[in-house]
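Chains as they are written, first to last, in my numbering: chain A, 94 to 407; chain B, 152 to 822; chain C, 210 to 437; chain D, 25 to 507.
For each residue, glycine too, the CB sits at the ideal point set by N, CA and C.
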Amino acid sequence: MSGGVVLQGLQTVLAVLAAPLLTGWTNQCRARLQGRRPPPLWQSYRVLHKLFLKETVLAKEASPLFQATPYVVFSCMVLAAGIVPMLANDLPFSPVADVIALVGIFALARVFLALAAMDVGTAFGTLGARREMLVAFLAEPALLMVFFTVSLISHSTQLPLMVHVLAHRKFAIYPSLAFAGVAFWMVSVAENARIPVDNPTTHLELTMIHEAMILEYSGRYLALIEWSVALKLFVYSALGIALFVPWGIAPVGDEAALPLALLALVAKMAVGGLVLAVLETLNAKMRLFRVPEFLGTAFLLAVLGMLIHFLLES
Amino acid sequence: MSEITGYQPVAMVWGGVLCWLALALLAIPLRAHKRWLLAGFPLAALTGLWVAAVGVAGLLLPASAQIVPVGFPGLPVHLRLDALSGFFLLLLGMGAFGVSVYARGYFQHMEIGELARLAIWYPAFLAAMTLVLLANDAYAFMVAWELMALSSYFLVTSDYRVEEIRKAGFLYLLMAHIGAVALLLCFGVLQGNGHTGDAAFTFSAMRHGVLTPTQASLAFLFALIGFGAKAGLVPLHVWLPEAHPAAPSPVSALMSGVMLKMALYGLLRVGFDLLSVRQEWWGVLVLVLGLMTALYGVIFAAVQSDIKRLLAWSSIENIGLIFTGLGLAIIFSVEGKSGLAALALTAVLYHALNHALFKSLLFVGTGSVLHASGTRLMSGLGGLMRKMPWTGWLMLLGVLAIAGLPPLNGFVSEWLLLQAFLFTPGLDLHYLNMMLPVATASVALVIALAAYVMVKFYGVVFLGQPRNPALKHAHEADIWQRMGMLWLASACVLLGLLPSAVIVLISPAVQQVAGRVLTNDGGWLVLAPMDAARASYAPLPFWLATLAVLLLVYGLVRFRYTGRVRRSAAWQCGFPAVTARMQDSAEGFGQPIQHIFSSFMQVDRQYPQPQDRTPHYASVSIDQWWHFLYLPIVAATNWLSQQTARLQHGRIQWYLTYSFITLLVLLVFVQ
Amino acid sequence: MISTGASGMISGWYLQIVNLLAALLLLISFAMLAQRRVAGLISLFAWQGAALAVSTAIVAVFTAQWHLLYSVALTLLLKVMIIPWFFYRLVRKLGMSRDVEPLLNHSLTMLTGIVLVIFAFNLALPISQMAGTVMRSTLGIAMACVLLSFLMMITRTKALPQVIGFMAMENGIFFAATSATYGMPLVVELGVALDVLVGVFVLGIFFFQIRETFESMDLRQMEKRKEH
Amino acid sequence: MLLYGLLGVPLVGALLLLVWGHRRLAAEMNVLFSFITLLFAVALAVRVMRAGPMEFDGGWFFMDAFNVFLVGLTALVGFTTALFSRPYMRIECAHGRLTMVRLRLYHASYQVFIAAMLLALTTNNMGILWVSMEGATLATVLLVSLYRTPAALEAAWKYFILCGVGIAQALFGTVLLYFAAEKVLGAGGNALLWTHLNAVKAHLEPTVLQLAFVFLLVGYGTKVGLVPLHSWLPDAHAEGPTPISAVLSGLLLNVALYAILRNKVLVDGALGTQLAGHLMMGFGLLSVVVASFLIRQQSDVKRMFAYSSIEHMGMMTFAFGMGGAVAVFAGLLHMTVHALTKSAIFFTVGHATQKAGTQLMSGIRGLMGINPGLGWGLMLGTMSILGVPPFGVFTSEFLIVTTAMHEHGWATPFLLVALGVAFAAIFGQVQAMVFAETSLPRLPHQPAMTPVFLHLVLVLVLGIAMPDWLAVWYRQAAHLLGA
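In structure tokens form, the structure reads like this:
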């Protein structure tokens, strides 16, 4: 048990610390693919450091809610990181929240961010909040559906258990999982404000979603938000790994498997970042009103996955 | 009073009812004394607390019954307090306490005439709802039910000079009446056929009545129509978005938060208690209707620009979710999966309780906003967080709760509901197995959309900049109002943090309805229905962890980085001339929804003209049901009545002819 | 009490007179249906009353139903004298002796009348067979009179003819009472007579009121209370 | 003795008022006489309740639970209406709509009317019953035309002719009844005594009685206002003075229905079939449905409530037609509550129209502002008549509908649709009348609200706590009606 607590802490801290690395890696890959000179891998940390040290400028109208939001969002992401198995399955904290609660945590962070965006009362902030919520209400059910499909196979909504079942099942091709996987990818893209749904690198009024929400943040608040964004991407990636390629995660009580698990995680994350970069390079950002169609497709795929599970696998 | 033995809980509730009735009656002679009238509300609140306490007693103690020898000869008023009514009494009492405390502050600025009307009907309304929960025979139930409708009608129309309010009241009472007629039919079918005379109307006779499947289905359908009309089930929901905004806010709070649950209670009473056997298709029907209601409600909530209307539609949505769960419970119970039925029912009851609290909170908070700003339209609101911090923060809790976000109470019940859905595989009916994933998806969609709606609601009203210069003078709610809201908000938090305890508390009600309690595999800290390995949720540790991380991060950041904070104008990408009109309006926020779900509604848009000095865009989304269902009925009625009127054309010879022909026809008939 | 069976000889001729009078009543009813002039209508009404009175008197005398004589007296007094006289006076005073235009086509009315008579006869047949009275076969005629008067009320557009139709209907009912049961109990007869008297009195007041207000007795002015 | 008091007081009152009716205290005298009548009625009721059914005067009069309850109701509503008419008619005079001479006519006829109805209720003789029904009609014809407006005259004329013709059919029916009775009971006055008839009803000739019932039903049914014989009713209610509308709706219709029911008992006994009941159900249902659709078309408030009376009379007729203990009980209860409620409504409507100067509902607005008592009176009265609990109308409708569901399921949809339409139509109008903004000033004088609230409280008591003795009474009456 105590080992579990240590592992839990270790893994969470690792996630928090390593999250900007994944962002940096993705950016590097993308720059390479686009023929630009890549920023160093540590660029994300530098940016965070810089932001933390900077003077914070707050809008006059900003309320305490605006100031509290970065902390809330960041804590939510840390919590999420504490639930998703990355290295080991032995997570004493995980009964606190299952996948549905995980979706809830993400939603909480998002709602706070959207409210904060509306707090100052600028045109961009409200616009961003609206678009963010639009994306969310389509993405969230799709995400839930993905989880449900997986949980139908694993008979649980507890992540460690799901991972355990998925990793130790007899090897078989689950078409439902394939559908769910594609849907999950689409949802993650939307949730993490990546191309083709959103572009994290632009500040164009017509296209931006996430960036519009955090326009008014600066200094340490912005740093926290950026860090949360990185952490969110990391958690999502870990989630994808846990659900669809869970092999390698150390089972309960098997400390010896940990180094291998770490290696596997790094490898999978690297591949994941690369894939993300490739896809971002290949696709163009879509019009805002194509987004519902995009997410609708994800939703449909997830539901199809569930139906297929009933039809073929049960 | 016969048959009172000792301090039976039922007799104690009866005391609460009498208290409320006495307050109502006392208000009539005191109708000119403002101070006395206002003093009635805290007393009503205390009575509410008392009723809630007795409700808990009803949950924990065995059922108790009482016969009060008033009412119909041969059919005295039968009262009974069992766990199910105990639960709803608890709900009623908790809601009533908070709202009544609030009402003391809210009503004190009313004109005396309106205050007097409110002071008379408000306690009467509470008493009627209590009686609905206690009634143990069809007659008493109907009387209480209609008294509830009547008193709430008078509360809705307390400001009757406004034509819209009258229209809303009319529609409300009409729908209530139609619902009551359906209930009458339901009880008519249920009438215990083993008994004759007046005794056939007692619930105990109905419980033992033997019905054919057709009769039972008929009774259930009538009950569904009757209670659905009160609950606002689509397509019987049309009154709700009209009546709730029309009422004074505490009344809206009670109606939305508490009265709608009486419909749930009624359906549970009829469907699970009076009808001993259920059929699976009832569950499917309720499920489908519930989903439709939820989806319809939330979509329309998203496109409203009147805050109370928005909340009213959101109530429709929540009722939809509740009924979805109920449908699931029926399906499970028919299939003999009583454990799962218990899970679904727990979700239903939990959500009902939650909704009673957060919707009351939101409605009363809206009342404070209305009082401070004088408008319900979002286009004239904004930035109230800074003027009304108490209201703002307490409302934030309500908003987060209703949006189904952890660690508040809304999340718990929605989590339970989703868990219930996840357990559906393995039903005997295969088409259900196929259908339920889609249903699950819809529930998820509704929950996500609810968050959208609430961000819109809170963001537009409390955040941003005031859209109307007059809002500079907005004032904070007074101490009574704050206390009321505080009560409701803390209840939301507590229910969110201690779900295991709550589930234990409501388990007698679940036991009574589903025949089994929901087993919690996780102890008092962790909520783990059925099996901890399948799913668990522990809000208290969750909340503590969040808090810990938050404090840690805050501490670290503040300790490590001590950078200055400077206040300046908003950045806005450097755009200099920022005005409040540049923020998203309510219509703007609803536009994507209008766009995506355009087939659900008919949108009337008013576009600004090029020469407008203050260009304004407005869009009103009209419920399609009006066109599909209600207007054709009205037209048909009018047509029929015009045709009938042709009979009456004033010429006496014709009238004589009618008599003559009648005579001849009858003579031929008897020959 | 003379039983019909035993005194076939005596009953023979008076019964024939009664039957004749009954036929006369029916004829008068038809005549009233056809009559266009108000004055003529009033005299027909008086004649109808007279025929009623005579037939009742004959029955009273020959069957020793002496109480029927009260009824005869009342009929003579009311329906042959007072009411016609009153109506004549009204007609003169209010100047409404103009022709009565029926609402319905004349021949159609007659045809309907005949159908009604057949209908009434059929209706009365089983009942009159049960009756113990000497003039039971006239019940059908009484019923026909009632229906014909009803028809007459329907087809008239002026107030007075309508009232006369109403009174004729009362005559038919009286005739039925006599023919089926040798009249109603005396109290009832008296009561009915009182009602008729009061009714006519009320009617008189009424006519003046109508006249005052509408300046005509045409019912077509009184069709304003309607629903569309 | 009590009986003579009951019948004599209004007659004496009528004579006195005929002389005195235009003087200063005539209205008070009217109230006084009505009150004494009420006292006699109560005393009689108590006696009958204690001692059971009794005959008076060698069988000329007969009191049992059924008619004594109607006597009580009639005397009560007669008294409260007199109370209401005192200020009402005074204001009418002040407005110049009436002269003192007509007021004399009014007062005298009012007492005659009450006397006629009491006679109709107490007499044992079916012939006298007819005579007094006709008398009640005649007493009110001139009251309907009291205002001498063209509309009032037209209404009165239709009332006179249609009811006259109708009641002539009833006379014919009575003749047929006598014809049948005479064979069993022998000729003479006793053959029309209801108690005697009732004793031998099984031996009465069925063919005759069924024919008789048709005529009686059409005849008295015209007075009840059953569709399609109802055409006089809305006119007479709308154009007469409001107190008369109140007693017409509240009392006369009941008494006419009483006449039908007395006859139905005999016919049922003779026929041994449900024919009479089915006919009544048919008429009742038709009345309920047609009247409720006609309500939708109204713009005149008194007309609207007149149609509502048709609807409710139809409801009662339907209930009595169904027969059975519960339905008849409900029918009797409905009689009571409808009489009380409808007259209360007419009282408030009277004051409202007087104030607004029009009977058009579009012209009557904001009663709540003019006088809250008036507003609440009309509002609650309407709620009550529409069958909203806890008022007694709901109770009876509850029983009627639930019984109908079990006995004649096919009829329930019609009943309920009609109730729904009537609800929407009436309530939509009343709400605006009571609540909407008005430019009229407050009512200068205090309206006569005591009768209104007295009636409503009684109806409320009937709805939530019916006293046992009353229930026993109703049950006895229901038993008498063959249930």
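With a cut-off of 8 Å on Cβ pairs, the region 406 to 413 of chain C is in contact with the region 283 to 302 of chain C, counting three or more such pairs. Annotation: residue 607 of chain B to residue 166 of chain B spans about 43 Å, alpha carbon to alpha carbon.
Within the model, the alpha-carbon separation for residue 388 of chain C versus residue 211 of chain D is close to 14 Å.
If you draw a 10 Å sphere on the C-beta of residue 161 of chain D, you find 16 or more other C-beta atoms in it, and that means buried. As a beta-bridge residue in DSSP terms, residue 367 of chain C pairs with C:427. Per DSSP, residue 157 of chain A is one residue of the alpha helix (DSSP H) stretching across 157 to 176.
Residue 303 of chain B has no beta-bridge partner at all, per DSSP. By the neighbour-count criterion, in which 16 or more other beta carbons inside 10 Å mark a residue as buried, residue 25 of chain D falls on the exposed side.
In this structure, the alpha-carbon of residue 129 of chain A lies about 28 Å from that of residue 145 of chain A. In chain order, 212, 213, 214 place their CB closer than 8 Å to the CB of residue 154 of chain A, counting only its own chain and leaving out the 5 sequence neighbours on each side. In this structure, residue 301 of chain D and residue 346 of chain D form a Cβ contact; the two beta carbons are roughly 7 Å apart against a cut-off of 8 Å.
Sixteen is the threshold: when 16 or more other Cβ atoms of the shown chains lie within 10 Å of the Cβ of residue 331 of chain D, as they do, the residue is buried.
Rounded to whole angstroms, residue 244 of chain B and residue 609 of chain B show a C-alpha spacing of 27 Å.
Residues of the region 319 to 335 of chain D with a C-beta atom less than 7 Å from some C-beta of chain B are 320, 321, listed in chain order.
For residue 389 of chain A, the enclosing alpha helix (DSSP H) begins and ends at 384 to 401.
What residue 635 of chain B touches in chain D, judged by beta-carbon distance under 9 Å, is nothing: the nearest beta carbon there is about 29 Å away.
Under the three-state reduction of DSSP output, residue 152 of chain A falls in the strand class. Unbroken beta strand (DSSP E) runs of no fewer than 3 residues, entirely contained in the region 162 to 191 of chain B, are not found. Annotation: residue 147 of chain D to residue 72 of chain D spans about 15 Å, alpha carbon to alpha carbon.
The three-state reading of DSSP puts residue 811 of chain B in helix, counting H, G and I together. Ranked by Cα distance from residue 342 of chain D, the options D:284, D:317, D:378, D:366 are led by D:284. For the alpha helix (DSSP H) assignment, the uninterrupted runs of no fewer than 4 residues enclosed by the region 716 to 789 of chain B are, from N- to C-terminal side, 737 to 747. Contact between the region 223 to 232 of chain B and the region 669 to 683 of chain B is absent: fewer than three C-beta pairs spanning the two stretches fall below 8 Å. When secondary structure is reduced to three states using DSSP, residue 125 of chain A falls in the helix class. Within its own chain, the residues whose Cβ lies closer than 7 Å to the Cβ of residue 337 of chain B, once the five positions on either side in sequence are excluded, are 370, 373, 374, 377, 421, listed in chain order. Listed as beta-bridge partners of residue 228 of chain B by DSSP are B:219. For the region 395 to 406 of chain C, the set of positions with a beta-carbon nearer than 8 Å to some beta-carbon of chain D reads 395, 396, 397, 400, 401, 403, 404 in chain order.
For the region 316 to 330 of chain B, the beta-carbon criterion of a distance under 8 Å to any beta-carbon of chain A is satisfied by none of its residues. Segment contact: the region 403 to 416 of chain B against the region 352 to 364 of chain B, fewer than three CB-CB distances shorter than 8 Å; contact not assigned. Within the same chain, and ignoring the five residues on either side of residue 419 of chain B in sequence, the residues whose Cβ sits closer than 7 Å to its Cβ are 235, 664. Contact annotation: residue 509 of chain B and residue 724 of chain B have beta-carbon atoms that are not nearer than 7 Å. Residue state for residue 217 of chain D is assigned as strand, using DSSP reduced to three classes. Taking a 10 Å sphere around the C-beta of residue 191 of chain A, we find 16 or more other C-beta atoms and assign the residue as buried.
Residue environment: residue 755 of chain B is assigned as exposed (fewer than 16 neighbouring CB atoms within 10 Å of its CB, all protein chains considered).
Under the three-state reduction of DSSP, residue 498 of chain D is assigned to helix. For residue 80 of chain D, the uninterrupted beta strand (DSSP E) run begins and ends at 78 to 80, by DSSP.
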